[in-house]
Amino acid sequence: MKRFSCDESVELVTAYLERELDQVTAGRFEEHLGGCEGCERYLGQFRTTVTALSELRPQRLPDDRRERLLSAFRDRRTS
Ligand SMILES: [Zn+2]
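Here it is as structure tokens:
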């Protein structure tokens, strides 16, 4: 089986992290990373960025919506 080149692997990083690759493609991707320090490091940096971005999302929840959820919770407890 032909192994992925670095260019091919880099293009698959997003799909890999989103779990959009089929099992065979994901396996070949991981195989390339196993033997390629550069791509492994790239995936690590990419994953850190994606994780940091997704951790910011809850803070974007509008304050009034959060307030409504909290008061709904309070009302349920007192009634
Ligand atoms: Zn590579």
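When we follow my numbering, the leftmost residue of the sequence shown carries the number 1381, and every step to the right adds one. Each residue gets a CB set at the ideal place from its N, CA and C atoms; glycine is no exception.
Check, Outcome
"Where do the N-terminal and C-terminal ends of the alpha helix (DSSP H) with Asp-1387 fall, by residue?", "1386-1397"
"Who are the Cβ neighbours of Phe-1426 in its own chain at under 6 angstroms, not counting the five residues just before and after it?", "Val-1393"
"Report the rounded CA-to-CA distance for Arg-1383 versus Arg-1408, giving the unit in angstroms.", "7 angstroms"
"Does Gly-1418 come out as helix, strand or coil in the three-state DSSP assignment?", "helix"
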